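S.K.:
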Amino acid sequence: MTRESKVDIAKHKNTQWQNFLSNIQTSYDKSDKAFWTHLSRIYKSRSLPFYKLSEGTKIISTPEGITNELFQYYSEQFKVPAVDCSNEHEDQIDRKYKELVNRLSVLNDSVEKTSTAEITRIIKTLKPKKSAGLDSVSNFIIKKLPPSYIECLAKCFNTWLNECRYPDDWKIAKIITLNKLKSGIPKCEQTRPISLLATHSKLFEKVLLLRIRQWAETNRLVPPEQSGFRPKCLLPTRVLSIYQEVKSNMAANIPTLALYVDYQKAYDRVWHAALLCKLEKMGMPFNLLKMTNSWLEERKAYVEYGEKTSKIFNINIGLPQGSSLSPYLFIVFHSDLTNYLGAHSCHLFADDLCVLIKPPIMKKLGSMIDYLEKEGTRVCNQVFMYSKKWKQPLNVSKTVIQLFHTQVKRPIVNVTIDGNKIELVKEFKYLGFTWTDKLSLKPTVDKIIGNIQRSLGKLKWIKSGRRMSCKALRQCFFAYTFPHFAWLFPLFPLLPVSQQHVLEQKFRVGLRLVHRCPFVSAHNLLKVTSEQPLQFYVKKYIQRRLKTMFITDLGSSAFYEDIFGWDNFCKRKNDHLGHFFRTRRVRQLKDRHESFLLTWLAFVDAN
Numbered sequence: 001m002t003r004e005s006k007v008d009i010a011k012h013k014n015t016q017w018q019n020f021l022s023n024i025q026t027s028y029d030k031s032d033k034a035f036w037t038h039l040s041r042i043y044k045s046r047s048l049p050f051y052k053l054s055e056g057t058k059i060i061s062t063p064e065g066i067t068n069e070l071f072q073y074y075s076e077q078f079k080v081p082a083v084d085c086s087n088e089h090e091d092q093i094d095r096k097y098k099e100l101v102n103r104l105s106v107l108n109d110s111v112e113k114t115s116t117a118e119i120t121r122i123i124k125t126l127k128p129k130k131s132a133g134l135d136s137v138s139n140f141i142i143k144k145l146p147p148s149y150i151e152c153l154a155k156c157f158n159t160w161l162n163e164c165r166y167p168d169d170w171k172i173a174k175i176i177t178l179n180k181l182k183s184g185i186p187k188c189e190q191t192r193p194i195s196l197l198a199t200h201s202k203l204f205e206k207v208l209l210l211r212i213r214q215w216a217e218t219n220r221l222v223p224p225e226q227s228g229f230r231p232k233c234l235l236p237t238r239v240l241s242i243y244q245e246v247k248s249n250m251a252a253n254i255p256t257l258a259l260y261v262d263y264q265k266a267y268d269r270v271w272h273a274a275l276l277c278k279l280e281k282m283g284m285p286f287n288l289l290k291m292t293n294s295w296l297e298e299r300k301a302y303v304e305y306g307e308k309t310s311k312i313f314n315i316n317i318g319l320p321q322g323s324s325l326s327p328y329l330f331i332v333f334h335s336d337l338t339n340y341l342g343a344h345s346c347h348l349f350a351d352d353l354c355v356l357i358k359p360p361i362m363k364k365l366g367s368m369i370d371y372l373e374k375e376g377t378r379v380c381n382q383v384f385m386y387s388k389k390w391k392q393p394l395n396v397s398k399t400v401i402q403l404f405h406t407q408v409k410r411p412i413v414n415v416t417i418d419g420n421k422i423e424l425v426k427e428f429k430y431l432g433f434t435w436t437d438k439l440s441l442k443p444t445v446d447k448i449i450g451n452i453q454r455s456l457g458k459l460k461w462i463k464s465g466r467r468m469s470c471k472a473l474r475q476c477f478f479a480y481t482f483p484h485f486a487w488l489f490p491l492f493p494l495l496p497v498s499q500q501h502v503l504e505q506k507f508r509v510g511l512r513l514v515h516r517c518p519f520v521s522a523h524n525l526l527k528v529t530s531e532q533p534l535q536f537y538v539k540k541y542i543q544r545r546l547k548t549m550f551i552t553d554l555g556s557s558a559f560y561e562d563i564f565g566w567d568n569f570c571k572r573k574n575d576h577l578g579h580f581f582r583t584r585r586v587r588q589l590k591d592r593h594e595s596f597l598l599t600w601l602a603f604v605d606a607n
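full-length UniProt numbering applies: residue 1 is where the sequence shown begins, and numbers increase by one.
#1: In the structure shown, what three-state DSSP assignment does Thr-481 receive?
#2: Could you give the residue range of the beta strand (DSSP E) that holds Tyr-430?
#3: May I ask you to report which of helix, strand or coil DSSP gives Ala-216?
#4: If you compare alpha carbons, which of Leu-511, Leu-53 and Pro-443 is closest to Lys-471?
#5: Indicate whether the contact test is met: 3 or more Cβ pairs, each with one atom in the stretch 44-54 and one in the stretch 282-293, closer than 8 Å.
#6: Just to confirm, are Pro-81 and Trp-271 a CB contact at a threshold of 8 Å?
#7: Could you check if Gln-25 is buried or exposed, using at least 16 other CB atoms within 10 Å of its CB as the buried criterion?
#8: To the nearest angstrom, report how far apart Ser-345 and Ser-105 are at their CA atoms.
#9: Compute the distance between the beta-carbons of Ile-119 and Leu-161, then report whether it is under 8 Å.
#10: Grouping DSSP H, G and I as helix and E and B as strand, with all else coil, what is Gln-226?
#11: Going by Cα to Cα distance, which pick from Val-514, Asn-607 and Ile-172 is closest to Ile-312?
#12: Locate the beta strand (DSSP E) running through Trp-435, then write down its first and last residues.
#13: Helix, strand or coil for Gln-475 per DSSP?
#14: Taking the alpha-carbon positions, what's the Pro-193 to Leu-210 distance?
#15: Under the rule that 16 or more other beta-carbon atoms within 10 Å means buried, what is Leu-181, buried or exposed?
#16: Relative to the alpha-carbon of Asn-469, which residue among Lys-247, Leu-601 and Tyr-28 has its alpha-carbon at the smallest distance?
#17: How is the alpha helix (DSSP H) around Pro-193 delimited, first residue to last?
#18: Hey, is the stretch 322-331 in contact with the stretch 244-260, meaning 3+ C-beta pairs nearer than 8 Å?
#19: May I have the straight-line CA-CA distance separating Arg-410 from Ile-369, to the nearest angstrom?
#20: Out of Phe-78, Glu-90 and Phe-596, point me to the one whose CA is closest to Ala-558's CA.
#21: Could I get the ranges of all uninterrupted alpha helix (DSSP H) runs contained in the stretch 288-355, with 4 residues as the minimum, in chain order?
#22: Do Thr-199 and Leu-178 count as a contact pair if the criterion is CB distance below 8 Å?
#23: For Ala-34, which residues of its own chain have a beta-carbon under 6 Å away from its beta-carbon, when the five flanking residues on both sides are left out?
#24: Would you kindly work out how many angstroms separate the C-alpha atoms of Gln-505 and Glu-280, rounded to a whole number?
#25: Rounded to whole angstroms, what's the CA-CA distance from Glu-375 to Glu-531? Just pull it up for me.
#26: With Leu-403 as the anchor, note down where its beta strand (DSSP E) starts and where it stops.
#27: Expressed to the nearest angstrom, what Euclidean distance is found between the alpha-carbon atoms of Trp-435 and Gly-318?
#28: Return yes when the Cβ of Phe-603 is within less than 8 Å of the Cβ of Pro-533, no when it is not.
#29: Over what stretch of residues does the alpha helix (DSSP H) that includes Ile-66 continue unbroken?
#30: Between the Cα of Ser-464 and the Cα atoms of Thr-377, Asn-158 and Leu-21, which residue gives the shortest distance?
#31: In angstroms, rounded to a whole number, what distance separates the CA positions of Met-549 and Gly-555?
#32: The alpha helix (DSSP H) spanning Ile-448 covers which residue range?
#33: Go to Thr-599, then tell me how far its alpha helix (DSSP H) extends in each direction, as first and last residue.
#34: Could you spell out where the alpha helix (DSSP H) holding Thr-114 opens and where it closes?
#35: I'd like the span of the beta strand (DSSP E) that includes Ile-422, first residue to last.
#36: Starting from Val-239, trace the alpha helix (DSSP H) both ways and give me its first and last residue.
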């Protein structure tokens with residue numbers, strides 16, 4: 001290629017880039033939603049398309065062959081689970097299920113009716129996506145519907161609620177597959193299935209969800225340790241509770257064993273018969289039970305690859321993907337799992353389970369390690385037996401343990417599950433945070449800083465377009481870069497000062513890019529840009545969490561209750577337990593213990 005050609009190509013690329021940035025600014029000026037569409041091309045990563053499929057030693061490259069191979073794979077995945085009649089529990093579930101279905105078939109009860117006001121509220125919660133569902137209707141269209149159409153929907157919904165019947169046409173799902181790999185030819189198991197359901201069905205499911213959730217929450221069926229897919233329950237609550245509990249143990253040099261359980265395709269392996277039998281045992285009203293059974297039974301799906309479509313196959317196991325009902329029914333189904341863990345602390349977020357095992361305070365570390373090994377193995381086998389009982393298979397190879405400790409030399413813990421030794425890890429990523437055996441937050445902070453740096457690099461590309469206004473750049477920054485900072489807000493007051501300063505410095509870099517003032521000093525930056533510092537947003541977040549503490553799961557978490565438990569612990573010194581408080585580990589606990597709720601309050605006062 002000649003030098004002139006390279007120069008022409010570079011000029012063409014630069015022109016195209018400047019035109020693209022002009023389109024972004026134009027769409028921003030017009031308050032057009034195309035503004036976000038353009039930005040997503042820069043900020044959001046997309047899965048690579050695949051044009052071949054690996055199957056054993058052969059490579060399939062034709063659309064027909066790929067479609068058929070995906071059909072074979074997914075139709076096998078959703079076959080009826082085999083029932084072992086020699087197993088008393090499985091045989092009992094099978095018989096109870098058949099009896100239950102017969103009883104439900106003659107039931108004439110109806111589910112509580114809906115109204116246009118309720119449907120309107122549900123529609124307002126939908127994101128205005130333009131991607132269409134199976135019925136070729138998008139959320140964007142649904143939000144534009146006139147009141148007369150909503151009245152028609154209410155009449156249809158009430159008819160089905162009165163009959164406890166879920167429409168058959170809404171039980172068909174279109175499965176499209178995405179590539180999990182970043183390079184190479186994927187196998188069927190290396191594709192991610194995405195189920196597309198009718199958009200209207202999602203409205204009806206949300207109506208059902210409100211009724212099922214009201215029943216479950218009123219009867220307090222879901223344990224407080226579960227923070228997934230529940231209103232006013234947040235992931236940071238689990239993170240703060242784990243951090244507080246482990247840190248308190250480490251203050252007294254007490255090791256803590258963490259068990260991270262990995263389920264094998266959690267939602268896709270739910271046993272329908274067991275789900276309905278357990279819901280009946282929990283006391284679900286028969287009208288809701290009949291509605292749930294109608295929602296589950298006779299579901300079908302087909303695979304679409306490009307312009308090719310597979311045959312329709314039956315789905316006889318698992319909860320429908322993409323449904324708002326599925327996650328909540330899953331956590332209700334396994335709400336009794338905590339009963340199998342004894343007195344040990346557990347933390348749940350949907351299907352992510354972490355069990356923390358703390359030994360009794362002993363003089364020798366070896367005695368506590370022996371306790372953790374025995375108790376860890378017992379708990380693992382309990383979880384395994386539970387999963388086997390309810391046909392919710394565990395991924396044993398991905399289930400790991402971690403020992404939080406303060407020792408110079410890392411103690412070795414041997415824990416088994418069903419006779420198989422579980423891997424002991426130094427670091428593990430759980431709930432989006434990297435947990436180290438010394439409970440250091442540095443790996444998590446480093447990863448967040450890396451994400452921030454990449455996001456700021458993209459913001460710098462956008463800033464290169466001279467037509468981009470500061471307002472447009474600011475919106476880009478707070479939409480795509482700021483969430484990385486916000487991810488650390490719950491733990492920000494607990495970070496070392498050096499790590500806080502690094503995050504503050506990165507925040508100032510973003511402000512300089514937004515306001516095009518690269519040489520303004522840190523001292524004058526906030527005055528020049530009229531912006532607030534990072535601490536302001538952290539303080540605002542903490543104040544909001546504290547204000548809503550007692551209407552969210554934070555008010556019943558270990559993070560909140562630690563301060564009262566610690567106060568009660570100290571008062572027991574005079575209750576004929578003086579010899580206990582004279583032990584070295586207890587004295588260390590008294591000297592080093594820290595309630596992070598007080599750290600939050602101190603941060604708010606200081607800022």
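Note that beta-carbon positions come from the ideal geometry of N, C-alpha and C, so glycine has one too. What you are looking at is a predicted structure, and each value in this text was computed from that prediction instead of being measured.
M.R.: Taking the coordinates as given:
#1: Walking along the sequence shown from the start, residue 481 turns up at place 481. Note: Thr-481 maps to helix in three-state DSSP.
#2: Here residue 430 is taken as the residue at index 430 of the sequence shown, counted from 1. Segment 427-430, the beta strand (DSSP E) holding Tyr-430.
#3: Reading the sequence shown from its first residue, position 216 is the one you call residue 216. When DSSP states are grouped into helix, strand and coil, Ala-216 belongs to the helix group.
#4: Counted from its first residue, the sequence shown places residue 471 at position 471. Comparing Cα positions, the closest option is Leu-511.
#5: no
#6: Within the sequence shown, the letter at position 81 stands for residue 81. Within the sequence shown, the letter at position 271 stands for residue 271. Cβ distance < 8 Å, so Pro-81 and Trp-271 count as in contact.
#7: Residue numbering aside, residue 25 sits at position 25 when the sequence shown is read from its first letter. Gln-25 comes out buried.
#8: The residue labelled residue 345 in the question sits at position 345 within the sequence shown. The residue labelled residue 105 in the question sits at position 105 within the sequence shown. Looking at the two C-alpha atoms, the distance is approximately 42 Å.
#9: As a first step, residue 119 is located in the sequence shown; it is residue number 119 there, counting from the start. As a first step, residue 161 is located in the sequence shown; it is residue number 161 there, counting from the start. Taking 8 Å as the Cβ cut-off, Ile-119 and Leu-161 do not qualify as a contacting pair.
#10: By 1-based counting over the sequence shown, the position of residue 226 is 226. Three-state DSSP puts Gln-226 in a strand.
#11: Here residue 312 corresponds to residue number 312 of the sequence shown, with the count starting at 1. Nearest C-alpha to Ile-312: Ile-172.
#12: Taking the first residue of the sequence shown as position 1, residue 435 is located at position 435. It spans 433-436 - the beta strand (DSSP E) in which Trp-435 sits, taken as one unbroken run.
#13: Within the sequence shown, numbered from 1, the residue matching residue 475 stands at position 475. In the structure shown, Gln-475 sits in a helix (DSSP, three-state: H, G or I).
#14: Reading the sequence shown from its first residue, position 193 is the one you call residue 193. Reading the sequence shown from its first residue, position 210 is the one you call residue 210. Taking the straight line from one Cα to the other gives about 27 Å.
#15: Your numbering for residue 181 matches position 181 in the sequence shown. Classification for Leu-181: exposed.
#16: Walking along the sequence shown from the start, residue 469 turns up at place 469. The amino acid at residue 469 is misidentified as Asn; the sequence shows Ser. Closest option to Ser-469, Cα to Cα, is Tyr-28.
#17: Numbered from its first residue, the sequence shown carries residue 193 at position 193. Note, Pro-193: premise wrong, no alpha helix (DSSP H); beta strand (DSSP E) at 191-196.
#18: No: the two stretches stay apart, fewer than three of their Cβ pairs being nearer than 8 Å.
#19: On the sequence shown, residue 410 is found 410 positions in, with the first residue counted as 1. On the sequence shown, residue 369 is found 369 positions in, with the first residue counted as 1. So the alpha carbons of these two residues sit roughly 12 Å apart.
#20: Here residue 558 refers to the residue found at position 558 when the sequence shown is read from its first residue. For Ala-558, the closest alpha carbon among the candidates Phe-78, Glu-90 and Phe-596 is that of Phe-596.
#21: 325-333
#22: As a working mapping, residue 178 is identified with position 178 in the sequence shown. As a working mapping, residue 199 is identified with position 199 in the sequence shown. For Leu-178 and Thr-199, no; Cβs fall outside 8 Å.
#23: Locating residue 34 in the sequence shown gives position 34, counting from the first residue. The answer, listed in chain order, is Ser-27.
#24: Taking the sequence shown and counting its residues from 1, the one referred to as residue 505 is at position 505. Taking the sequence shown and counting its residues from 1, the one referred to as residue 280 is at position 280. If you take the alpha carbons of Gln-505 and Glu-280, they lie about 56 Å apart.
#25: In the sequence shown, residue 375 corresponds to position 375, counting from 1. In the sequence shown, residue 531 corresponds to position 531, counting from 1. Looking at the two C-alpha atoms, the distance is approximately 53 Å.
#26: Looking up residue 403 in the sequence shown gives position 403. Leu-403 -> beta strand (DSSP E) spans 400-404.
#27: Within the sequence shown, the letter at position 435 stands for residue 435. Within the sequence shown, the letter at position 318 stands for residue 318. For Trp-435 and Gly-318, the distance between alpha carbons rounds to 31 Å.
#28: As a working mapping, residue 533 is identified with position 533 in the sequence shown. As a working mapping, residue 603 is identified with position 603 in the sequence shown. Result no, Cβ atoms of Pro-533 and Phe-603 do not sit closer than 8 Å.
#29: The residue labelled residue 66 in the question sits at position 66 within the sequence shown. It spans 63-77 - the alpha helix (DSSP H) in which Ile-66 sits, taken as one unbroken run.
#30: What you label residue 464 is simply residue 464 of the sequence shown in a count that begins at 1. It is Leu-21 whose Cα lies nearest to the Cα of Ser-464.
#31: Translated into positions along the sequence shown, residue 549 becomes position 549. Translated into positions along the sequence shown, residue 555 becomes position 555. Taking the straight line from one Cα to the other gives about 5 Å.
#32: Here residue 448 refers to the residue found at position 448 of the sequence shown. Where Ile-448 is concerned, the enclosing alpha helix (DSSP H) stretches over 442-463.
#33: Within the sequence shown, the letter at position 599 stands for residue 599. Its alpha helix (DSSP H) spans residues 596-606.
#34: Position 114 of the sequence shown, counted from the start, is the residue given in the question as residue 114. For Thr-114, no alpha helix (DSSP H) encloses it, and the DSSP letter there is neither H nor E.
#35: Within the sequence shown, residue 422 is the residue found at index 422, counting from 1. Where Ile-422 is concerned, there is no enclosing beta strand (DSSP E), given that its DSSP letter is neither H nor E.
#36: Taking the first residue of the sequence shown as position 1, residue 239 is located at position 239. Start and end: 235-251.
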